[in-house]
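Note sheet for the following structure.
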Amino acid sequence: MANQNQDLQLDDQGRLRHFLTIDGLGRDLLTEILDTAESFASLPGRPVKKVPLLRGKIITNLFFENSTRTRTTFELAAKLLSADVINFNVSVSATSKGETLLDTLRNLEAMHTDMFVVRHAQSGAAHFIAGQAAPGVSVVNAGDGQHAHPTQAMLDMFTIRKHKGDFTPLRVAIVGDVLHSRVARSQILALNTLGVTEVRVIGPRTLLPGEARAMGVHVYHNLEDGVRDVDVVIMLRLQNERMKGALLPSQHEYFQLYGLTDERLENARPDAIVMHPGPINRGVEMDSAVADGPRSVILQQVSYGIAIRMAVMSMAMQVRTAAASKEEAPA
Amino acid sequence: MANQNQDLQLDDQGRLRHFLTIDGLGRDLLTEILDTAESFASLPGRPVKKVPLLRGKIITNLFFENSTRTRTTFELAAKLLSADVINFNVSVSATSKGETLLDTLRNLEAMHTDMFVVRHAQSGAAHFIAGQAAPGVSVVNAGDGQHAHPTQAMLDMFTIRKHKGDFTPLRVAIVGDVLHSRVARSQILALNTLGVTEVRVIGPRTLLPGEARAMGVHVYHNLEDGVRDVDVVIMLRLQNERMKGALLPSQHEYFQLYGLTDERLENARPDAIVMHPGPINRGVEMDSAVADGPRSVILQQVSYGIAIRMAVMSMAMQVRTAAASKEEAPA
Amino acid sequence: MANQNQDLQLDDQGRLRHFLTIDGLGRDLLTEILDTAESFASLPGRPVKKVPLLRGKIITNLFFENSTRTRTTFELAAKLLSADVINFNVSVSATSKGETLLDTLRNLEAMHTDMFVVRHAQSGAAHFIAGQAAPGVSVVNAGDGQHAHPTQAMLDMFTIRKHKGDFTPLRVAIVGDVLHSRVARSQILALNTLGVTEVRVIGPRTLLPGEARAMGVHVYHNLEDGVRDVDVVIMLRLQNERMKGALLPSQHEYFQLYGLTDERLENARPDAIVMHPGPINRGVEMDSAVADGPRSVILQQVSYGIAIRMAVMSMAMQVRTAAASKEEAPA
Chain R
219 MANQNQDLQL DDQGRLRHFL TIDGLGRDLL TEILDTAESF ASLPGRPVKK VPLLRGKIIT
279 NLFFENSTRT RTTFELAAKL LSADVINFNV SVSATSKGET LLDTLRNLEA MHTDMFVVRH
339 AQSGAAHFIA GQAAPGVSVV NAGDGQHAHP TQAMLDMFTI RKHKGDFTPL RVAIVGDVLH
399 SRVARSQILA LNTLGVTEVR VIGPRTLLPG EARAMGVHVY HNLEDGVRDV DVVIMLRLQN
459 ERMKGALLPS QHEYFQLYGL TDERLENARP DAIVMHPGPI NRGVEMDSAV ADGPRSVILQ
519 QVSYGIAIRM AVMSMAMQVR TAAASKEEAP A
Chain Y
219 MANQNQDLQL DDQGRLRHFL TIDGLGRDLL TEILDTAESF ASLPGRPVKK VPLLRGKIIT
279 NLFFENSTRT RTTFELAAKL LSADVINFNV SVSATSKGET LLDTLRNLEA MHTDMFVVRH
339 AQSGAAHFIA GQAAPGVSVV NAGDGQHAHP TQAMLDMFTI RKHKGDFTPL RVAIVGDVLH
399 SRVARSQILA LNTLGVTEVR VIGPRTLLPG EARAMGVHVY HNLEDGVRDV DVVIMLRLQN
459 ERMKGALLPS QHEYFQLYGL TDERLENARP DAIVMHPGPI NRGVEMDSAV ADGPRSVILQ
519 QVSYGIAIRM AVMSMAMQVR TAAASKEEAP A
Chain A
219 MANQNQDLQL DDQGRLRHFL TIDGLGRDLL TEILDTAESF ASLPGRPVKK VPLLRGKIIT
279 NLFFENSTRT RTTFELAAKL LSADVINFNV SVSATSKGET LLDTLRNLEA MHTDMFVVRH
339 AQSGAAHFIA GQAAPGVSVV NAGDGQHAHP TQAMLDMFTI RKHKGDFTPL RVAIVGDVLH
399 SRVARSQILA LNTLGVTEVR VIGPRTLLPG EARAMGVHVY HNLEDGVRDV DVVIMLRLQN
459 ERMKGALLPS QHEYFQLYGL TDERLENARP DAIVMHPGPI NRGVEMDSAV ADGPRSVILQ
519 QVSYGIAIRM AVMSMAMQVR TAAASKEEAP A
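If you read the protein sequences in the order shown, they are chains R, Y and A.
Just so you know, we're using the numbering used here here: the first sequence kicks off at 219 and counts up by one.
Just so you know, we're using the numbering used here here: the second sequence kicks off at 219 and counts up by one.
Just so you know, we're using the numbering used here here: the third sequence kicks off at 219 and counts up by one.
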C-alpha cells in the first residue's frame, strides 16, 4: 500500500500532489507540512491571516457525509488563502436523480475546479477520486469511512510539537474506539513516522483492532496502566451508534472504565497534555474538569487545524501551479 | 442593564465593539451609525457599492434560527465591505451530535473569525456569546428571542430620518403584537434615545407589555385614536403561532380591529409614512392598498438595511482593527 | 412573442440586457455569445481562468427549484468573473412565512444585487421577474418550467460548433421527451436561428409536441430512421415522473424503442457526435457504451457550460455597467 500511496500522493520530485493518507509519506514531508503550517500560524497579531497564495483558484468542498464543522474549517482555510470556495452538497444533488457516483465525479471535474476536498462514508473514496481526477486537480481527504483523516492527524501532530518540541522522546496514548476510528489510524501512522518512543492504544478488546501490535503500538485494556508516564493522552470520540450494537454496554459504564478524570491523569507525566478531536461527549470520554483543565489543549487543536489545512492546500496547489505555469497565460 | 450593556458594547473610548442592543447606547452613537450608513447609501450611481473596508476579514453568520432573508442581508453587507463570509448553520452541526452550546462557541472562536452575526431563539444569546468571545472578535445581534433586533431598529430610524429629517418633532405609533416583538422593543429604545416627541403603542391588551408606560410610551387599544396626528406608523408582523394560543381570535378579526387601511390612515398626518419589517401578511396587518400605496416606505426599509448593516459591521470591526494594528504585520 | 422577448431582452442598441429565452434573438447575437464564450474557454493553460470582469458585482442565485448542479455551474461562472455570489434558497425562505412571490421579489430587488439567476418550476417565471426588475438589474433564466433553458441550449451550440465548425450543413436529431423539455424547446430555436439544414425530433407520439412541424422540425417515431445521416444526436433526459402517468410504459420498454446503442448509431454519419444535458440514466436513454464511447461529448458540454454562462453574465452585465457608468463614482 505504501508505494501505491506514494505514487498517487507525490509527484516525481517527491512533492505533495494529493493529501489522502499519512501512509507512504516520509518524516521530511510531514515535517514540511508542520513547518508550513507554522508559517501561517505564527503571523503576529492574530493566529492566521489572509494571504494571496491561492488567489484565482477554485476549491470545491465535496461532502458526501454531513459535517458542518469540518467543512467550515476547510472553507475558512481556503478563504484565508484567497481561494474561491464552492460547497457541493452531494446528498441533495444529481446522485439522487439516479446518476452514478462516477458520472457525478466526471461532471464535477468537467466544471474544472482546482481542488476537491472530499468527505465520504466509504473507505477509499478520496483515493478513488484522486485516481480519476484530471492532471490539474488536487484531492484532499477530509475523512473517508474508517480509513483515514490525515488533516486531523497532522493538526494533532502540530499541537504536540507546539507543546513538546521534539517528537523523539514522547510516549503517546490513544484512548477509546481505536477499531472504528479513521482519526486513530492516521495518528498512529503519523506518530510512528515522526519517531516517537512509544504509541499505546487503550480500550476494551471489542474496540481495539486485532492487528494493533502489527501497527507498532502497545495495547492496554486498563486506562490507569495505559496512561502511566505518557506525555500525551489523545481521547477519541465515542460514536453513539456503537452503543446500539453489542460492542459497548452503556455510556455510563464506558465512563467508569475509560473516561478520563483528573485522578486517572495522575499516572501520566506531570506536564502531559490532553487532546480530543471534538465534539466532546462530556461525562462519557472525559470529565468536564479535564476538558476545561490546564492540561487540555483541545481548543488549540481546532485553532491549529486552520493552519494545517492552509499548509496542505497550498502545498498541493503550488505543485500544480508550478507544473502548469509554463503553459499558463499571465492573470 | 444599561451600564452593563454599555460596558459590553463599547470600548474605553466609547466606540462600538459589539452591537447587541439599543439599550445603553447614547444619541451620539446612534447618530454616528446613521451617518456612517448614509455614507454607504448615498454613493452615486447605485444605492450601495462594494468598498474594501473589511478586506481580509472573516465574518461568520451563526444562525441558530432559520432566517434566509436576514442572513442574506448580512451576507450582502459583509460582501459589499469585501469581507469573506462563512454561513454556519447550527441546526445541522455538532450540537446535534450532543455537543453543548458553549463547546460549539469555543470551537467557533478557535477557528478565529473576526465577527459573529448571531440569530437565536433565546433572549440574551448574543450577549452571552459576546461575553465569551475572544478580545479580537465582534458580535452583532441579528435577533435574539423576544429581546432585541437592533439592526432592524436602526434601519427603521434611518428610513424615518431620510423622510422626516429631524426626530425631535415626531410622533410615532407602533401597531400590533408589541409584547412578543424584539423589533418593537428595539424601536422604542431607539426612538426615545433619538428624542422623538411621542412614542405610542397600539394593540389589544393581550399583546401589549404590562410595563409599556414604564418604557416611556403611550398606550392605545383603538387604532383610529392611536394613529391620530402621527408622522410615522410602524406595523409589526403578526406571528401566526400567536393565533394558536388564546391571545387572538382569528386573522380576520385582527384585521377588523388593527389592520391598517387607507381610511384609518386619514387620522394620521397627511405626510405620514407607513413601515413594516416584512414579510407582510397582506389583509392581516394591512390592506394591499396601504402596502403598495404612496405612504409605504417598506421596500426602502429593506434597501437601507444593507447600508445600516454595513455601518454597524465596519464600525465594530474598525475598532478591533485599530486596537490590533499595533501588533499586526502588514498584509 | 418574438418582439416582446426582444424588447425585454435587448437594449435600444440591440445588446443583451436579460437572457431569458432564445426566442427573439438573432443569429448575430447568438454568435456573439459563442464567440465571447470562446474567449473564456480558449485561455491557454486551462479551460477557463479567473478574470476581473465583474469584480464588485453581486449575483444572486434565486432557485425556487432545487438543482445543485446547475446552481454550481452558475456559481462557478460568477466566481471566475470575480463577482460575489449569494445563494438564495427560496423554499426555506420568507415565502414559507406566507409572503407572496411578488413581495419576495421586491424585497430581493431592494437588497440591490446586480443580477438574478432564476430557476423556477413555472414557465414564464424569469420573464416575470425581468419585467419587474429595477433598471440596473439583469436576469438570467436558469430554467423555467417546460418553457426555456437558454444557457443549456447555448452550451450545446458551443459544443456543436467546436466539433463541426459551421452550422449550415448540419442535420441534428433530438431524441426523447421533447414535449415536456425546456431544453429541447431552446435547442430547436437556437439550431434554427443558427441556420442548420435540418432539425429532427424523435420519440413516441405521447412525448412529441403537437405543433412540432410548426416549430420547423421533422418528426420521427422510429429511432433508426430518425438518426439516419445526422451529424449530431441530442438525447434528452427522461424524467422519472413521466413514468407515473400513462405516457410511458416502463424504463425497460422505453430503452427498447428509444435507447441509443452503438448499433443504432450506425445509421448516423460516421463522425456524428452524441450529446446529453445530464445527468444520464444509463440503460434508459442510452447504453453505457455510447455514453463513454468515442462519439460522446457529454463531459465537454459540462465544461463548456461554464464558459457559456460566463459569456452571458458578462455580456448582460457590461451593458448595465456601461449604462450606469456615467452616474457612478469611481470604486
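Glycine included, every Cβ here is placed at the ideal spot set by N, Cα and C.
Quick caveat, the model's predicted, so the values are computed rather than measured.
Identify every residue that forms a DSSP beta bridge with Leu-416/A. Start at 1 with the first residue of the third sequence, and residue 416/A comes out as number 198. Correcting the residue type first, residue 416/A is Glu in the shown sequence and not Leu. BP columns for Glu-416/A point to Arg-389/A.
So with Cβ pairs under 7 angstroms, would you call Asp-302/A a contact of chain Y?
Counting from one through the third sequence, the residue named residue 302/A turns up at place 84. At least one CB atom of chain Y sits nearer than 7 angstroms to the CB of Asp-302/A.
### Query
Does the separation of the CB atoms of Ser-356/R and Ala-534/R fall below 7 angstroms?
Counted from its first residue, the first sequence places residue 356/R at position 138. Counted from its first residue, the first sequence places residue 534/R at position 316. Against a cut-off of 7 angstroms, the Cβ pair of Ala-534/R and Ser-356/R comes out as a contact.
What are the start and end residues of each continuous beta strand (DSSP E) run of 3 or more residues lying completely inside the region 437–512 of chain Y, in chain order?
Taken in chain order, the complete beta strand (DSSP E) segments of 3 or more residues contained in the region 437–512 of chain Y are 450–453, 491–493.
Close Cβ partners of Lys-544/A (< 8 angstroms) along its chain, the five nearest in sequence each way excluded: Against the third sequence, residue 544/A aligns to sequence position 326. Annotation note: pLDDT 41 at Lys-544/A (below 50); position unreliable, coordinate value reported separately. Excluding the 5 residues flanking it on each side, Lys-544/A has no same chain C-beta neighbour closer than 8 angstroms.
- Task: Consider the C-beta atom of Thr-318/R and the heavy atoms of the ligand GTP; say whether any pair is separated by less than 6 angstroms.
- Result: The ligand content of the structure shown is nil, which means the ligand GTP is not present either.
Check: For the region 508–537 of chain R, which residues have a beta carbon sitting closer than 7 angstroms to at least one beta carbon of chain Y?
Finding: Correct list: Leu-517, Val-520, Ser-521, Ile-524.
Q: For the region 499–516 of chain Y and the region 249–257 of chain Y, state whether three or more C-beta atom pairs, one from each stretch, are separated by less than 8 angstroms.
A: No, because fewer than three Cβ pairs between the region 499–516 of chain Y and the region 249–257 of chain Y fall closer than 8 angstroms, the two stretches do not touch.
_Considering only their Cβ atoms, is the gap separating Ala-366/A from Arg-400/A smaller than 7 angstroms?_
On the third sequence, residue 400/A is found 182 positions in, with the first residue counted as 1. On the third sequence, residue 366/A is found 148 positions in, with the first residue counted as 1. In this structure, Ala-366/A lies closer than 7 angstroms to Arg-400/A by Cβ.
Cut-off 7 angstroms between Cβ atoms - residues of its own chain near Gly-501/R, not counting five sequence neighbours on either side: Stepping through the first sequence from its first residue, residue 501/R is reached at position 283. These residues qualify, in order along the chain: Phe-473.
State the Cα-Cα distance for the pair Phe-292/R and Ala-525/R, rounded to the nearest angstrom. Position 74 of the first sequence, counting from 1, holds the residue named residue 292/R. Position 307 of the first sequence, counting from 1, holds the residue named residue 525/R. Between the C-alpha atoms of Phe-292/R and Ala-525/R there is a straight-line separation of about 10 angstroms.
| message | Using the three-state DSSP reduction, which class does Met-395/A fall into: helix, strand or coil? | response | Here residue 395/A refers to the residue found at position 177 when the third sequence is read from its first residue. The sequence given here has Asp at residue 395/A, not Met. In the three-state reduction of the DSSP assignment, Asp-395/A falls in the coil class.
Check your understanding: Is Arg-324/R close to chain A, meaning its C-beta is less than 7 angstroms from at least one C-beta of that chain?
Key -> Counting from 1 along the first sequence, the entry for residue 324/R is found at position 106. Interface residue, yes.
| said: For a test of the three-state rule: what should DSSP assign to Ala-348/R, helix, strand or coil? | reply: For the purposes of this step, residue 348/R is identified with residue 130 of the first sequence, where counting begins at 1. Assignment of Ala-348/R by DSSP, reduced to helix, strand and coil, places it in the helix class.
Exercise. Where Leu-323/R and Arg-455/A are concerned, what is the direct C-alpha to C-alpha distance, given to the nearest angstrom?
Worked result: Along the first sequence, one-based indexing puts residue 323/R at 105. Along the third sequence, one-based indexing puts residue 455/A at 237. Taking the straight line joining both Cα atoms gives about 19 angstroms.
Legend entry - Where Ile-240/Y falls: helix, strand or coil (DSSP): Reading the second sequence from its first residue, position 22 is the one you call residue 240/Y. Of the three classes helix, strand and coil, the one that applies to Ile-240/Y here is coil, per DSSP.
- Query: Would you call the region 361–378 of chain R and the region 234–241 of chain R in contact, with 3 or more CB pairs under 8 angstroms?
  - Reply: Judged by Cβ distances under 8 angstroms, the region 361–378 of chain R makes contact with the region 234–241 of chain R, as three or more pairs qualify.
Please classify Gly-232/A as buried or exposed, where buried requires at least 16 other C-beta atoms within 10 Å of its C-beta. Position 14 of the third sequence, counting from 1, holds the residue named residue 232/A. Result: exposed.
Next on the checklist: If the criterion is Cβ atoms closer than 7 angstroms, does the pair Leu-248/R and Leu-412/R meet it?
Outcome noted: What you label residue 248/R is simply residue 30 of the first sequence in a count that begins at 1. What you label residue 412/R is simply residue 194 of the first sequence in a count that begins at 1. It is a contact, given that the beta carbons lie within the stated cut-off.
Review point. Which chain A residues are close to Ile-420/R, counting only those with a beta carbon under 9 angstroms from its beta carbon?
Key: Looking up residue 420/R in the first sequence gives position 202. Under a criterion of Cβ atoms nearer than 9 angstroms, no residue of chain A is adjacent to Ile-420/R; the nearest Cβ is some 43 angstroms distant.
Rounded straight-line distance, which links the Cα of Val-530/Y to that of Lys-297/Y
Numbered from 1 along the second sequence, position 79 holds the residue referred to as residue 297/Y. Numbered from 1 along the second sequence, position 312 holds the residue referred to as residue 530/Y. If you draw a straight line from the Cα of Lys-297/Y to the Cα of Val-530/Y, it is about 14 angstroms long.
Measure from the C-beta of Ala-328/R to each C-beta in chain A and report whether the shortest distance is under 7 angstroms. Along the first sequence, one-based indexing puts residue 328/R at 110. At a cut-off of 7 angstroms, the C-beta of Ala-328/R has a neighbouring C-beta in chain A.
Problem set entry | Closer than 9 angstroms at the beta carbon, the chain R residues around Leu-294/A | On the third sequence, residue 294/A is found 76 positions in, with the first residue counted as 1. Result: Ile-276, Thr-278, Asp-302, Ile-304, Met-329, His-330, Thr-331.
Does the distance from the C-beta atom of Ala-344/Y to that of Val-336/Y stay below 7 angstroms? Along the second sequence, read from residue 1 onward, the residue named residue 344/Y stands at position 126. Along the second sequence, read from residue 1 onward, the residue named residue 336/Y stands at position 118. Yes, the pair counts as a contact, with Cβ atoms nearer than the cut-off.
Query - Inter-stretch contact (C-beta, 8 angstroms, three-pair minimum) for the region 414–423 of chain R and the region 383–402 of chain R - result: Yes, the region 414–423 of chain R touches the region 383–402 of chain R.
Residues of chain R with CB closer than 8 angstroms to the CB of Asn-307/Y, please, in chain order.
Numbered from 1 along the second sequence, position 89 holds the residue referred to as residue 307/Y. Taking the beta carbon of Asn-307/Y as reference, the chain R residues within 8 angstroms of it are Thr-286, listed in sequence order.
> Taking the continuous alpha helix (DSSP H) assigned at Arg-245/Y, which residues delimit it?
Replying inline: Position 27 of the second sequence, counted from the first residue, corresponds to residue 245/Y. Looking at the DSSP string, the run of the alpha helix (DSSP H) that includes Arg-245/Y is 245–259.
* Own chain partners of Ile-491/R with C-beta closer than 7 angstroms, once the 5 adjacent residues on each side are dropped -> Here residue 491/R refers to the residue found at position 273 of the first sequence. Answer for Ile-491/R: His-381, Val-450, Arg-513, Val-515, listed in chain order.
Whose Cβ in chain A lies nearer than 9 angstroms to the Cβ of Thr-239/Y? To locate residue 239/Y, count along the second sequence from 1; it is residue 21. The contacting residues do not exist; Thr-239/Y stays about 25 angstroms from chain A at best.
Identity of the residue in Pro-427/R, His-330/R, Gly-342/R nearest Ala-352/R by Cα | On the first sequence, residue 352/R is found 134 positions in, with the first residue counted as 1. Considering only Pro-427/R, His-330/R, Gly-342/R, the residue with the shortest C-alpha distance to Ala-352/R is His-330/R.
Q) Could you check where the beta strand (DSSP E) with His-338/Y kicks off and where it finishes? A) The count along the second sequence starts at 1 and reaches residue 338/Y at position 120. Start and end: 333–338.
Residue nearest to Gln-519/R in terms of C-alpha spacing, selected from Ile-452/R, Leu-483/R, Ala-408/R:
As a position in the first sequence, residue 519/R is number 301, starting the count at 1. Comparing Cα-Cα distances from Gln-519/R to each of Ile-452/R, Leu-483/R, Ala-408/R, the minimum goes to Ile-452/R.
*Spatial distance of Val-445/Y from Asp-321/A (CA atoms)*: As a first step, residue 445/Y must be located in the second sequence, where it is residue number 227. As a first step, residue 321/A must be located in the third sequence, where it is residue number 103. Spanning the alpha carbons of Val-445/Y and Asp-321/A requires a straight line of approximately 25 angstroms.
Report all residues from its chain with a CB closer than 6 angstroms to the CB of Asp-332/Y; omit the five preceding and five following residues, and keep chain order. For the purposes of this step, residue 332/Y is taken as the residue at position 114 of the second sequence. These residues qualify, in order along the chain: Lys-275, Ile-276.
field: Where the alpha helix (DSSP H) containing Val-308/Y begins and where it ends
entry: If you number the second sequence from 1, residue 308/Y lands on position 90. Here Val-308/Y belongs to no alpha helix (DSSP H), and DSSP marks it neither H nor E.
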